[in-house]
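For the sequence shown, the residue numbers in full-length UniProt numbering are 1 to 334. Glycine included, C-beta positions come from ideal geometry on N, C-alpha and C. Source: prediction; values computed, not measured.
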Amino acid sequence: MTRRRPPVTPDQIIAHRRAHVISQAAKVGVSAACRAAGVSRTAYYRWVKAAARYGSAALVPKRRRPPVMPTAMSAQEVSAILAVAVAHPTLGARQLLRHLAKHDVHRSASGVQKVLVRHQLGRRAQRLAALASLTAADTGQLTDAAMAGPFGFCQAASVAGQNVSMDTFYVGKLKGVGTIWQFTAVDVATRWAIVALIVGDKTAAGAARFLDHVRAEFGRLGVPVTGVLTDNGPEFVGRDFTSHLGDLGIAHHRIPPRSPNHNAVCERFQGTLLHEFYRPFFYRARIDRIADLQTGLAAAITDYNHHRPNNGAYMAGRTPRQLLNEKRPAQSAA
């Protein structure tokens with residue numbers, strides 16, 4: 001039975017290469033050996049000097065020890081600082097020291113402030129928004145501060161229809177039909193999805209018509225739409241759409257520029273629809289009529305809303321239909 005040799009380590013490879021350069025220098029000269037190996041003569045003479053003094057073991061590279069930071073904060077201290085700061089959002093770093101001492105955290109005010117800034121809690125408004133966001137996540141009590149929070153909690157909603165996320169999705173071009181866009185609406189509280197296909201360019205007038213369609217669909221479910229969340233695309237900031245929202249008395253929440261994560265509920269749904277419906281559908285057969293696309297899309301949306309379990313942290317394996325029964329407004333449930 002043969003015994004397996006232990007694997008060669010990177011340090012052993014480096015030491016062998018250095019020894020090879022030294023042996024080659026004795027045969028062809030220092031300059032030629034260093035040029036062939038791609039190393040400097042300064043490094044060569046350093047290796048030779050170390051090997052002459054300490055032996056061949058000196059050719060093995062030395063590992064640098066990580067720097068010792070005796071004043072570095074532990075993870076427990078950082079967690080305590082963040083928790084206390086959110087629990088007392090109106091207090092500054094100096095005022096927080098008294099409360100931190102109760103948790104055996106004894107740090108300077110400047111050190112506490114650096115931790116808060118590093119975690120986007122350096123300003124009072126950020127700490128208030130974080131507290132409002134956590135309250136919304138735990139109890140469903142949604143405030144304006146939570147909607148504008150720094151952690152994307154503008155996606156929070158306590159009841160169905162309170163915050164409907166809207167976006168557009170480029171489907172593609174159909175021969176003989178033209179460019180096709182999809183208007184998408186996903187209720188943040190229940191993840192109930194409503195979509196509509198349009199031919200041609202997306203406009204504010206088209207977005208206004210889609211809003212009426214969304215209100216009608218949610219009306220059949222007994223859910224009033226009281227707020228929508230959109231990006232800053234021209235179809236959602238145009239006068240036709242914004243004035244229609246004002247006429248209907250619907251609040252318009254707009255995400256910050258270049259921050260698609262604040263509209264992640266709708267963005268994630270569109271990604272799911274792309275992978276689970278559009279790509280298989282277009283690969284399965286040639287589509288020349290928008291009616292065929294609309295039929296397949298309607299079946300996919302019905303399956304998503306009523307039968308497909310969502311295994312995300314928020315949905316926890318439930319379907320939008322199941323969550324709609326839990327998040328329906330009180331007056332509608334009655």
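Which residues does DSSP list as the beta-bridge partners of leucine 165?
What you label residue 165 is simply residue 165 of the sequence shown in a count that begins at 1. According to the sequence shown, residue 165 is serine rather than leucine. The partner list for serine 165 (beta bridge, DSSP) reads Val186 and Leu229.
So for lysine 175, helix, strand or coil by DSSP?
Position 175 of the sequence shown, counting from 1, holds the residue named residue 175. Reduced to three states, the DSSP call for lysine 175 is coil.
Taking the straight line between their C-alpha atoms, what separation do you get for threonine 90 and glutamate 77?
By one-based count along the sequence shown, residue 90 stands at place 90. By one-based count along the sequence shown, residue 77 stands at place 77. Roughly 20 Å separates the two Cα atoms.
How big is the Cα-Cα spacing for asparagine 232 and proline 66?
Within the sequence shown, residue 232 is the residue found at index 232, counting from 1. Within the sequence shown, residue 66 is the residue found at index 66, counting from 1. One C-alpha to the other measures close to 47 Å.
By how many angstroms is the C-alpha of isoleucine 14 removed from the C-alpha of lysine 62?
Looking up residue 62 in the sequence shown gives position 62. Looking up residue 14 in the sequence shown gives position 14. Distance between the alpha carbons of lysine 62 and isoleucine 14: 11 Å.
Tell me, please, which residues DSSP counts as bridged to arginine 318.
What you label residue 318 is simply residue 318 of the sequence shown in a count that begins at 1. Partner(s): Asn310.
Could you check whether the segment 251-263 touches the segment 223-232, counting it as contact only if at least three pairs of C-beta atoms, one from each stretch, sit closer than 8 Å?
yes
Alpha carbon to alpha carbon, how far is alanine 157 from glycine 140? Give it in angstroms, no decimals.
Counted from its first residue, the sequence shown places residue 140 at position 140. Counted from its first residue, the sequence shown places residue 157 at position 157. Legend: pLDDT at glycine 140 = 48, less than 50; position of this residue unreliable, no value from coordinates given.
Does the Cβ-Cβ distance between proline 309 and arginine 318 come in under 9 Å?
Start at 1 with the first residue of the sequence shown, and residue 309 comes out as number 309. Start at 1 with the first residue of the sequence shown, and residue 318 comes out as number 318. In contact: proline 309 and arginine 318 (Cβ atoms closer than 9 Å).
Taking all protein chains shown into account, decide if tyrosine 44 is buried (16 or more other Cβ within 10 angstroms of its Cβ) or exposed.
To locate residue 44, count along the sequence shown from 1; it is residue 44. Counting Cβ neighbours within 10 Å, tyrosine 44 comes out buried, since at least 16 surround it.
Cβ-Cβ distance between methionine 166 and valine 214 below 9 Å
Taking the first residue of the sequence shown as 1, we reach residue 166 at position 166. Taking the first residue of the sequence shown as 1, we reach residue 214 at position 214. In contact: methionine 166 and valine 214 (Cβ atoms closer than 9 Å).
The beta strand (DSSP E) spanning histidine 253 covers which residue range?
As a working note, residue 253 is residue 253 in the sequence shown. Where histidine 253 is concerned, the enclosing beta strand (DSSP E) stretches over 251-254.
Going straight from the alpha carbon of arginine 46 to that of valine 8, what length do you get?
To locate residue 46, count along the sequence shown from 1; it is residue 46. To locate residue 8, count along the sequence shown from 1; it is residue 8. Cα to Cα, arginine 46 sits roughly 24 Å from valine 8.
Three-state secondary structure (DSSP) of glycine 181
Within the sequence shown, numbered from 1, the residue matching residue 181 stands at position 181. For the record, residue 181 in the displayed sequence is tryptophan; it is not glycine. Correct three-state label for tryptophan 181: strand.
Tell me whether valine 199 is buried or exposed, calling it buried when 16 or more other Cβ atoms sit within 10 Å of its Cβ.
Translated into the one-based positions of the sequence shown, residue 199 becomes position 199. Flag for valine 199 reads exposed.
Leaving aside the five residues before and after threonine 190 along the sequence, list all residues of the same chain whose C-beta is less than 7 Å from its C-beta, in chain order.
As a first step, residue 190 is located in the sequence shown; it is residue number 190 there, counting from the start. Closer than 7 Å at the Cβ level, and outside the excluded window around threonine 190, lie Ala160, Pro320, Leu323, Leu324 and Lys327.
Mark lysine 202 as exposed unless 16 or more other C-beta atoms lie within 10 angstroms of its C-beta, in which case mark it buried.
On the sequence shown, position 202 is the one that residue 202 refers to. It is buried - the Cβ of lysine 202 has at least 16 other Cβ atoms within 10 Å.
Please report the Cβ distance between histidine 99 and histidine 88, rounded to the nearest whole angstrom; I am assuming they are in contact, meaning their Cβ atoms lie under 8 Å.
Taking the first residue of the sequence shown as position 1, residue 99 is located at position 99. Taking the first residue of the sequence shown as position 1, residue 88 is located at position 88. The pair is a contact, with the Cβ atoms about 6 Å apart (cut-off 8 Å).
Using beta carbons (cut-off 9 Å, strictly below), is arginine 107 in contact with chain B?
Among the protein chains of the structure shown there is no chain B, as only one such chain exists.
Beta-bridge pairing of leucine 197 - partner residues as DSSP gives them
Locating residue 197 in the sequence shown gives position 197, where the first residue counts as 1. Gln182.
Cβ neighbour criterion (16 or more within 10 Å) applied to serine 40
Residue 40 sits at position 40 when you count from the first residue of the sequence shown. Exposed: under 16 other Cβ atoms inside 10 Å.
Validate contact between the segment 282-292 and the segment 241-250 using beta carbons, cut 8 Å, 3 pairs:
no
Sequence-distant residues of its chain with Cβ nearer than 7 Å to arginine 239 (five each side left out)
By 1-based counting over the sequence shown, the position of residue 239 is 239. Taken in chain order, the residues that qualify are Ala204.
Considering only DSSP beta bridges, list what tyrosine 170 is partnered with.
On the sequence shown, position 170 is the one that residue 170 refers to. DSSP output for tyrosine 170 lists Trp181 as bridge partner(s).
Might you give, ordered along the chain, the residues of its own chain that have their beta carbon closer than 7 Å to the beta carbon of isoleucine 301, omitting 5 neighbours on each side?
Position 301 of the sequence shown, counted from the first residue, corresponds to residue 301. Closer than 7 Å at Cβ, skipping near neighbours: Ala193 and Val195.
By Cβ distance below 6 Å, which residues in the same chain neighbour glycine 152 in space, the five residues on each side in sequence not counted?
On the sequence shown, position 152 is the one that residue 152 refers to. Low local confidence applies: a pLDDT of 48 at glycine 152 is under 50, so the model's placement there is unreliable, with the coordinate-based value given in what follows. The residues are Asn261 and His262.
N-terminal and C-terminal residue of the alpha helix (DSSP H) that threonine 272 is part of:
In the sequence shown, residue 272 corresponds to position 272, counting from 1. Here the alpha helix (DSSP H) through threonine 272 covers 264-273.
Under 9 Å between the Cβ atoms of valine 112 and alanine 85?
Reading the sequence shown from its first residue, position 112 is the one you call residue 112. Reading the sequence shown from its first residue, position 85 is the one you call residue 85. Cβ atoms of valine 112 and alanine 85: closer than 9 Å.
Contact check, alanine 207 vs phenylalanine 236 under 8 Å by CB: the rounded distance?
Translated into positions along the sequence shown, residue 207 becomes position 207. Translated into positions along the sequence shown, residue 236 becomes position 236. Indeed they touch by this definition, with Cβ atoms about 6 Å apart.
Between which residues of its own chain and arginine 18 is the CB-CB distance below 7 Å, once the five residues before and five after are set aside?
Here residue 18 refers to the residue found at position 18 of the sequence shown. For arginine 18, where only same-chain residues beyond five positions count, the Cβ hits under 7 Å are Trp47 and Leu59.
Whose CA, out of Leu116, Arg123 and Ala109, lies closest to the CA of serine 79?
Walking along the sequence shown from the start, residue 79 turns up at place 79. Closest option to serine 79, Cα to Cα, is Leu116.
Where does proline 329 sit, in a helix, a strand or coil, going by DSSP?
Stepping through the sequence shown from its first residue, residue 329 is reached at position 329. Coil.
Which listed residue (Arg279, Ile22 and Gln120) has its alpha carbon closest to that of alanine 52:
Indexing the sequence shown from 1 puts residue 52 at position 52. Nearest option by C-alpha distance: Ile22.
Alpha-carbon spacing of proline 10 relative to alanine 36, whole angstroms:
Indexing the sequence shown from 1 puts residue 10 at position 10. Indexing the sequence shown from 1 puts residue 36 at position 36. Those two C-alpha atoms are separated by around 21 Å.
Tyrosine 314 to serine 133 span [Cα, whole Å]
If you number the sequence shown from 1, residue 314 lands on position 314. If you number the sequence shown from 1, residue 133 lands on position 133. Roughly 15 Å between the two C-alpha positions.
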